[in-house]
Amino acid sequence: MRCLFFILFLSALSISHAQQKTTLEEGFMSPPDSIRTGTFWYWISDNISKEGAIADLHAMKKAGINLAFIGNIGPSYHSSSNHPYGKVKFMSEEWWQVMHAALKTATELDIEIGIFNSPGWSQSGGPWVKPEQSMRYLASSELVVRGPKKISEKIPAPAHDFQDVKVLAFKARRDNLFDRGSVSFSSNIKGFVDYQYALPAGAESHITLTLPQAETVRGILIHPAYYLHTQCLLQVRDGNEYKTIKEFPASRDATIDPQRGFDQLAPIVESLPETTGSQFRLVFKNTKENSIISSITLTTAPVVHRYPAKTFAKPENSTAAPASFPDPSLFVAPEQVSDISAHLAADGTLNWDVPEGDWVILRTGMTPTGVKNSPAPPQATGLETDKLSKEHIHAHFDAFLGEIHKRIPEADRKCWKYTVLDSYEKGGQNITDNFLELFKLHYGYDPTPFLPTYYGYPVGSYEISDRFLWDMRRFVADRIACEYVAGLREKSHQYGLKTWIENYGHGGFSAEFLQYGGQSDEVSGEFWNSRHIAEKRAAASCAHIYNKPRVWAEAFTNDGRNGSAYQRHPGMLKKLGDQAFTEGINCMLLHVFIQQYADDTYPGVDGWFGTEFNRKNTYYHQIDLFVDYLKSASYLLQQGLNVADVAYYIGENTPIMTGRMNPGLPKGYDFDFINSEVLINHLEVAPDGRLVLPHGTSYRVLVLPSYSSMLPEVLRKIEKLIVAGATIVGTPPVKSPSLKNYPQADKEVQQLASKIWSSPGVHKNVSLEEVFGTLNVVPDCLIDNDKIMYTHRHLPDGTDIYFLSNQNESTIRINAQFRVSGMQPELWDAVSRTIRTLPVFSQNGNTTSVPLQLESQESVFIVFRNPAKIAASGKQTNFPEPQLILNVDTPWKVNFESDAIKRGPSETVTFSQLSDWTKHEDTRIKYFSGTANYKTMVNLKSIPNAKVYLDLGEVSVMAKVKINGKDSGGVWTAPYRVDITDAVRIGKNTIEVEVVNTWLNRIIGDRKLSENERILTPNTVPWKDSTPLQKSGLLGPVRIVTKD
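For the sequence shown, the residue numbers in mature numbering (1 follows the signal peptide of the UniProt record, and there is no 0) are -18 to -1, 1 to 1026.
Shown next, in the form of structure tokens:
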């Protein structure tokens, strides 16, 4: 399904053209306003004020933060970490005044604003959403009857807010062998009435069913009572022993809300290989506490394997279905599924002449999944809007963002640029208005006869049932992209806004991550301080294939409940941010800046879910050093196009949040994921065999996933690519995944695959090293240290920009080989904003090797923009050792902040030797958090005719330097060194170092006081009395050095 591409292509071109007005060097030294470093600006649990909002924005401006996303956030399910409610209720008159003041101030300060698409960080809902506009699923009431007979019986609606869709009748009989056998169980199982069983934790247990005669089983359904987590083995007695038919996991948790599936207590459903016996045993092992089974159905009827997962009821990893094919007569015949909707009266009474046989009657209809926007204040919480209907999503927009647009004067909201959608966390839906008609129009067949599969009744065969459900899931994914995301984009454009989206989700994401993000104007990943997973590459690949120059990241999200709250600082974060840069991110949104509504509480309003970037943080007045680094790095990484040699095709299966990398990527190469929409509609082959997209992004190899199925239309495009000279790696599919044009589509897949895989450009069962060797494609960036990560951008003028990140905790020396020839290597340092030529390098064919040295967690850009000079020889080096001018060993006079909050010494303290504050005997210093100003004086007898630096040795955690009263920069990461060439002089020189640390030490110090003595009141309190203090202060040794 094609939703969007050309619009984005044009907008991306306009961005690139605007940036070309600034030269590369100028943009790096002083990034233009188009380079935005932003923050998530959360308004927590009604704790907001006009004064707080205005002060926050001015603090952002001073720090260089020029983009803020407003989120009206309420309490999360982590109840122990929720901030108490404030007084300014959502959409009250005072709330509107705060919103107006925020937008007006941001407009005055030229800070761009985005507003979350609903209260809470996820996703698109509110109290204005009616049940018939909400996310819905196909619910049913079931009636089992035996004909022939005439019935007049009321079939109750299965839920409130129920909208009838179809009443279906079909011949089927799902018996339960537990109804006609004797049941026994191990002594460690506690049995209840109605087949409820409490399983023992840790110990193995079992339930045994003995039948009066042999039966053939084909399916089992295990219904959890509330919570269940165990490993099951279904066994049959064969002589004197039990043989395992199938082993499978069983896991459910009713405490999980509908955002992870609308039926958390859906049965665990296993389709079984046909097995005949008179005694069956169900063994449980690795059971967790409180696991209770409500009931068990062991049936002779076939069942749709793990159908709750296939219908979005309960996302789970599906085990393999058996490769058995029961008697076709056991399946529901699609041609015999009768639509008897006309026989249902308005009161729910069914009047129908039942034909002979066993019949199942399903009254099906739409009912809300129950999922709501969250976390949001109660008065801002409501049902989530239907993700398959543009009409409903437009109505939702009008009710919230449209109201803001209406109430805030145009002149005061010029700053408002974005409609914001955070990660998708709202589960799935499998129905919407006119779903059946739209499905038929799309696939060419009527889905009505196959609706029994929603409830585990296989129609036609296992294969046919799974194909229909595959079509349904793919259709849902397409509608989410084209109705929800593209619908929001369309509505936002009407209001002069752009959409910004995180193109992935958790526990219920029901779309395809590339197509989903592709319909938005801008796209973002995320990364946490404690984990790096697929989200960054998901966003980067989406941006690269849909031509979005900016690849955002929700940056440095953090679970502070693990003890890391208030101890994170830029020096700790750099390694994580640099890793994100190497994975394609080129714009950072700091997570999180919480609105500080009052100035009399410290450390301020906080949350468990982020690094504290708010203005009350101790080091906030030095955070501009970090922001400057992010902007310079972002500027370079937004230039030109990403360079990657491999496009991994993700296939057509949905839902999907990342792709497969098989065969694996060799060292020194990069990749993107690519989807069907882009592959079919836009991927072409250049004369040199490269696979090229219209905006210029290209790949040398297309890798197909090792799936047995592929849509015919994808194979048709692959055939065209092969004919044009492309290189493809993968194994041939044997069928289509879809029921569309079945079985003819399978024949076409087999014919196309046979033709394609006999072509010379197609490789199977080989490594990518072998393929690249055949193509003579050398690594793009080969480094003799696995802890170095890289990314590469290529500009239209031929400039190549490589970004290298040292993920080691120590200084390393490496040799880096770049796929560049005839060009001069330069080192661009985004921390110091300096550029220098690297004189030592060697060239071999189409590669250039450069010896490099990187400090602990240091990152550099290696830029090739000018023709190469003759490489240096002899004793020259790219990294000369600093030469000592003077050891600064004079005493330091130190003044600490001594207000009622920071409580440092009010008198000047002399440090004859530099030391860690936490080792000081004075508890005012030992537990100090805040700013301390160091001052000393040195005498220089001479100054060399070279760059002069002040090397601070080690600082914890940040510092700014003045020499003779002149600002000389700051330090926050290794090497802790500033250029003082323009400030230093012969004779006496005053050195001032302003040092900041984090809140952690003062918080721990307050914990040692009685409650009424404590001044700091953090809401997230993960610390203990034994929590170690954080090293702080100017630690040295301090030296004045020179470098050539």
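Idealized CB from N, CA, C, for every residue including glycine.
Predicted model only: the values in this text are computed from it and were never measured.
Segment limits, beta strand (DSSP E) that includes residue i
{"i": "aspartate 961", "result": "959 to 961"}
{"i": "proline 807", "result": "805 to 811"}
{"i": "serine 474", "result": "Note, serine 474: premise wrong, no beta strand (DSSP E); alpha helix (DSSP H) at 468 to 476."}
{"i": "methionine 42", "result": "Taken as a continuous stretch (DSSP letters only), methionine 42 belongs to no beta strand (DSSP E), being part of the alpha helix (DSSP H) at 32 to 45."}
{"i": "valine 969", "result": "Note on residue identity: the sequence assigns glycine, not valine, to residue 969. Per DSSP, glycine 969 belongs to the beta strand (DSSP E) from 969 to 978."}
{"i": "alanine 537", "result": "533 to 539"}
Environment of residue i [buried if 16+ CB atoms lie within 10 Å]
{"i": "alanine 629", "result": "buried"}
{"i": "histidine 526", "result": "buried"}
{"i": "leucine 982", "result": "buried"}
{"i": "glutamine 549", "result": "buried"}
{"i": "leucine 866", "result": "exposed"}
{"i": "isoleucine 968", "result": "exposed"}
{"i": "methionine 940", "result": "buried"}
{"i": "histidine 774", "result": "buried"}
{"i": "phenylalanine 307", "result": "exposed"}
{"i": "glutamine 411", "result": "buried"}
{"i": "threonine 539", "result": "buried"}
{"i": "proline 637", "result": "buried"}
{"i": "aspartate 1007", "result": "exposed"}
{"i": "methionine 73", "result": "buried"}
Top-ranked residue by Cα proximity to residue i, from the options
{"i": "glutamate 256", "options": "Val218, Tyr466, Ile275 and Asp239", "result": "Val218"}
{"i": "lysine 851", "options": "Ala882, Glu808 and Phe843", "result": "Glu808"}
{"i": "proline 194", "options": "Ala941, Thr258, Val1023 and Lys86", "result": "Thr258"}
{"i": "phenylalanine 98", "options": "Gln261, Val165 and Trp25", "result": "Trp25"}
{"i": "aspartate 394", "options": "Ser616, Ala88, Thr829 and Glu752", "result": "Ala88"}
{"i": "threonine 999", "options": "Asp503, Phe152, Ala463 and Pro585", "result": "Pro585"}
{"i": "arginine 118", "options": "Met348, Ala708, His65 and Thr293", "result": "Met348"}
{"i": "alanine 302", "options": "Asp309, Leu496, Tyr289 and Lys296", "result": "Tyr289"}
{"i": "lysine 71", "options": "Pro360, Lys944 and His573", "result": "Pro360"}
Where residue i falls: helix, strand or coil (DSSP)
{"i": "methionine 639", "result": "coil"}
{"i": "valine 70", "result": "coil"}
{"i": "isoleucine 738", "result": "helix"}
{"i": "alanine 121", "result": "strand"}
{"i": "threonine 349", "result": "strand"}
{"i": "proline 357", "result": "coil"}
{"i": "serine 106", "result": "coil"}
{"i": "isoleucine 662", "result": "helix"}
{"i": "threonine 900", "result": "helix"}
{"i": "phenylalanine 51", "result": "strand"}
{"i": "tryptophan 510", "result": "strand"}
{"i": "alanine 728", "result": "The sequence given here places aspartate at residue 728; alanine does not occur at that position. If DSSP states are grouped into helix, strand and coil, aspartate 728 belongs with the helices."}
{"i": "valine 760", "result": "coil"}
{"i": "alanine 180", "result": "strand"}
{"i": "glutamine 839", "result": "coil"}
Between the CA atoms of residue j and residue i - distance to the nearest angstrom
{"i": "lysine 172", "j": "asparagine 272", "result": "11 Å"}
{"i": "proline 714", "j": "lysine 729", "result": "13 Å"}
{"i": "serine 838", "j": "glycine 671", "result": "41 Å"}
{"i": "glutamine 895", "j": "asparagine 946", "result": "22 Å"}
{"i": "proline 833", "j": "phenylalanine 608", "result": "27 Å"}
{"i": "glycine 827", "j": "proline 821", "result": "19 Å"}
{"i": "glutamate 508", "j": "alanine 853", "result": "41 Å"}
{"i": "serine 311", "j": "proline 140", "result": "30 Å"}
{"i": "threonine 900", "j": "glycine 912", "result": "13 Å"}
{"i": "valine 285", "j": "serine 658", "result": "31 Å"}
{"i": "tyrosine 916", "j": "isoleucine 844", "result": "36 Å"}
{"i": "serine 134", "j": "lysine 518", "result": "58 Å"}
{"i": "glutamate 445", "j": "serine 690", "result": "13 Å"}
{"i": "valine 533", "j": "leucine 612", "result": "13 Å"}
Residue range of the alpha helix (DSSP H) that includes residue i
{"i": "glycine 384", "result": "383 to 389"}
{"i": "glycine 559", "result": "552 to 564"}
{"i": "glutamine 497", "result": "495 to 500"}
{"i": "phenylalanine 10", "result": "6 to 11"}
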